[in-house]
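>
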Amino acid sequence: MSVILEAVDLHRHYPLPREGIFARRRHVSAVNGVSFALEEGKVLGIVGESGSGKSTLARLLVGLEAPEKGEVRFLGQRISGLGDAALRPVRHQIQMVFQDPFGSLDPRMRVLDSIGEPLDVAEPGLAPEARRERIIGMLERVGLGEGALTRYPHQFSGGQRQRIAIARALITHPKLLIADEPVSALDVSVQAQILNLLLDLKLEFGLSLVFISHDLGIVRYLSDRVIVMQNGKIVEEGETEALFSAPAEAYTRQLIAAMPKL
Numbered sequence: 014m015s016v017i018l019e020a021v022d023l024h025r026h027y028p029l030p031r032e033g034i035f036a037r038r039r040h041v042s043a044v045n046g047v048s049f050a051l052e053e054g055k056v057l058g059i060v061g062e063s064g065s066g067k068s069t070l071a072r073l074l075v076g077l078e079a080p081e082k083g084e085v086r087f088l089g090q091r092i093s094g095l096g097d098a099a100l101r102p103v104r105h106q107i108q109m110v111f112q113d114p115f116g117s118l119d120p121r122m123r124v125l126d127s128i129g130e131p132l133d134v135a136e137p138g139l140a141p142e143a144r145r146e147r148i149i150g151m152l153e154r155v156g157l158g159e160g161a162l163t164r165y166p167h168q169f170s171g172g173q174r175q176r177i178a179i180a181r182a183l184i185t186h187p188k189l190l191i192a193d194e195p196v197s198a199l200d201v202s203v204q205a206q207i208l209n210l211l212l213d214l215k216l217e218f219g220l221s222l223v224f225i226s227h228d229l230g231i232v233r234y235l236s237d238r239v240i241v242m243q244n245g246k247i248v249e250e251g252e253t254e255a256l257f258s259a260p261a262e263a264y265t266r267q268l269i270a271a272m273p274k275l
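Heads up: the sequence shown runs through residues 14 to 275, numbered per my numbering.
This is the structure:
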């Protein structure tokens, strides 16, 4: 099976506030030497506590930030550090779903135009009626419908907004979806609905998925392979059931031991 996404020795640091006028500038390593490969059609789970570097890694993978060292490759092509013009041919093939749907939904836009915005960039010649039908079809696929078109994001529940964000991410038929804590702000019952929706859409659209979460139970449910991050580094990686059944690292064992018991 071919590799769709590669991270090669990624590094990303952020400056810390100076402690004095003449103090040396210090930095924190948010991502420090991260490398992995994701095969097409697979789900890679990335877990770790808050501050482990998961969300920074997500932004590097999707091109929202550039690494200081290393590179991201999509279908064998380096995409990290490229300008907008160079990224444009592949940008619609890589989409992201955020923890907070308002990260991708403009509160001043009706749903019709919010979902249609990436479609306009990917297919600028699409006829208005065909555009509208595409958007309605995607809304129906995520469990909403035509009635949502003229409403604004604040008029929906949190779970419904996340469905709209997923519809927006998938409207261009991407090959890769990166989901950063997409259900952590939702009620447990709604979490299950969104997770099952993501699995159904993955199969329907042939998606590859990077799923980032602090919740090991969710990652175990979704993922084919898991990466465990701590302090910006990968401390363990493996097939999901093998890793959960026989974790090699003490940190991984601590995370698994802290999982809620059913």
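The C-beta atom is built at its ideal place from N, Cα and C for all residues, glycine as well.
(1) Could you tell me the distance, in whole angstroms, from the CA atom of Q267 to the CA atom of L229?
(2) Cβ of L189 within 9 Å of Cβ of L18?
(3) Can we say the stretch 123 to 142 touches the stretch 179 to 187, given the rule of at least three CB pairs closer than 8 Å?
(4) Assign E254 to one of two classes, buried (16 or more other C-beta atoms within 10 Å of its C-beta) or exposed (fewer than that).
(5) With DSSP as the reference, label V196 as helix, strand or coil.
(6) With distances taken Cα to Cα, identify the nearest neighbour of L49 among V21, H26, V41 and S65.
(7) To the nearest angstrom, how far is it from the Cα of E249 to the Cα of G58?
(8) Assuming contact is defined by CB atoms lying nearer than 9 Å, are V110 and Q90 in contact in what I supplied?
(9) From P3 to A143, what does the alpha carbon distance come to, in whole angstroms?
(10) Put R25 into one of helix, strand or coil per three-state DSSP.
(11) For R91, does the three-state DSSP call read helix, strand or coil?
(12) Which whole-angstrom value describes the C-beta separation of P47 and K215, a residue pair presumed to lie in contact below a C-beta threshold of 8 Å?
(13) Where do the N-terminal and C-terminal ends of the alpha helix (DSSP H) with E67 fall, by residue?
(14) For a quick check, are the C-beta atoms of Q243 and G54 less than 9 Å apart?
(15) For the beta strand (DSSP E) that contains L57, what are its first and last residues?
(16) Give the DSSP bridge partners of E19, in chain order.
(17) Is it true that the CB of P195 sits closer than 9 Å to the CB of L211?
(18) So, at 7 Å on beta carbons, what are the nonlocal neighbours of G158 in its own chain, with the 5 sequence-adjacent residues on each side left out?
(19) Would S202 and S226 qualify as a contact pair, given that the criterion is a beta-carbon distance under 9 Å?
(20) Does DSSP put S63 in a helix, a strand or coil?
(21) Assuming D193 and A71 are in contact, meaning their beta carbons sit under 8 Å apart, how far apart are those beta carbons, in whole angstroms?
(22) Output the distance between the C-alpha atoms of T265 and G150, rounded to the nearest integer angstrom.
(23) Quick one: residues in its chain with C-beta nearer than 8 Å to the C-beta of L199, no 5 flanking neighbours on either side, listed in chain order?
(24) Out of L29, V232 and E52, state which residue places its alpha-carbon closest to the alpha-carbon of S42.
(25) What residue from L235, I148, R164 and I269 has the CA that sits closest to I179's CA?
(26) Does the beta-carbon of P273 have 16 or more other beta-carbons within 10 angstroms, so that it is buried, or is it exposed?
(27) By how many angstroms is the C-alpha of E146 removed from the C-alpha of S221?
Judging by the given coordinates:
(1) Mapped onto the sequence shown, residue 267 falls at position 254. Mapped onto the sequence shown, residue 229 falls at position 216. C-alpha separation (whole angstroms): 11 Å.
(2) One-based indexing of the sequence shown puts residue 189 at position 176. One-based indexing of the sequence shown puts residue 18 at position 5. Yes, Cβ-Cβ distance for L189 and L18 is below 9 Å.
(3) yes
(4) Residue numbering aside, residue 254 sits at position 241 when the sequence shown is read from its first letter. Exposed is the call here.
(5) The residue labelled residue 196 in the question sits at position 183 within the sequence shown. Of the three classes helix, strand and coil, the one that applies to V196 here is coil, per DSSP.
(6) The count along the sequence shown starts at 1 and reaches residue 49 at position 36. Residue identity differs from the one stated: residue 49 is Phe in this sequence, not Leu. The shortest Cα separation from F49 among V21, H26, V41 and S65 belongs to V21.
(7) Stepping through the sequence shown from its first residue, residue 249 is reached at position 236. Stepping through the sequence shown from its first residue, residue 58 is reached at position 45. Going by the C-alpha atoms only, they are around 12 Å apart.
(8) For this step, residue 110 is matched to residue 97 along the sequence shown. For this step, residue 90 is matched to residue 77 along the sequence shown. The answer is no: Cβ separation not under 9 Å.
(9) Missing from the structure shown is residue 3; the chain here goes from 14 to 275 and no further.
(10) As a working note, residue 25 is residue 12 in the sequence shown. Reduced to three states, the DSSP call for R25 is strand.
(11) Position 78 of the sequence shown, counting from 1, holds the residue named residue 91. The answer is strand: DSSP assigns R91 an E or B state.
(12) In the sequence shown, residue 47 corresponds to position 34, counting from 1. In the sequence shown, residue 215 corresponds to position 202, counting from 1. Going by the sequence as given, residue 47 is Val instead of Pro. The Cβ separation is near 23 Å, so there is no contact.
(13) The residue you call residue 67 lines up with position 54 of the sequence shown. Strictly speaking, residue 67 in this sequence is Lys, with Glu absent from that position. Element bounds for K67: K67 to V75.
(14) In the sequence shown, residue 243 corresponds to position 230, counting from 1. In the sequence shown, residue 54 corresponds to position 41, counting from 1. Against a cut-off of 9 Å, the Cβ pair of G54 and Q243 comes out as no contact.
(15) Residue 57 sits at position 44 when you count from the first residue of the sequence shown. That run of the beta strand (DSSP E) goes V56 to V60.
(16) As a working mapping, residue 19 is identified with position 6 in the sequence shown. Paired residues: A50 and R86.
(17) Residue 211 sits at position 198 when you count from the first residue of the sequence shown. Residue 195 sits at position 182 when you count from the first residue of the sequence shown. Closer than 9 Å, so yes.
(18) Along the sequence shown, read from residue 1 onward, the residue named residue 158 stands at position 145. So the qualifying residues of the chain are L152.
(19) Locating residue 202 in the sequence shown gives position 189, counting from the first residue. Locating residue 226 in the sequence shown gives position 213, counting from the first residue. Between S202 and S226, the gap from beta carbon to beta carbon reaches 9 Å or more.
(20) Within the sequence shown, residue 63 is the residue found at index 50, counting from 1. Three-state result, S63: coil.
(21) To locate residue 193, count along the sequence shown from 1; it is residue 180. To locate residue 71, count along the sequence shown from 1; it is residue 58. Contact holds; Cβ gap of about 4 Å.
(22) As a first step, residue 265 is located in the sequence shown; it is residue number 252 there, counting from the start. As a first step, residue 150 is located in the sequence shown; it is residue number 137 there, counting from the start. Between T265 and G150, the C-alpha separation is close to 42 Å.
(23) For the purposes of this step, residue 199 is identified with residue 186 of the sequence shown, where counting begins at 1. If we look at L199 and ignore the five residues flanking it on each side, its Cβ neighbours are G171, G172, Q175 and I207.
(24) By one-based count along the sequence shown, residue 42 stands at place 29. Considering only alpha carbons, the answer is L29.
(25) Taking the sequence shown and counting its residues from 1, the one referred to as residue 179 is at position 166. For the options L235, I148, R164 and I269, the alpha carbon positioned closest to that of I179 is the one of I148.
(26) Residue mapping note: residue 273 aligns to position 260 of the sequence shown, counting from 1. Label assigned to P273: exposed.
(27) Along the sequence shown, one-based indexing puts residue 221 at 208. Along the sequence shown, one-based indexing puts residue 146 at 133. If you draw a straight line from the Cα of S221 to the Cα of E146, it comes to about 25 Å.
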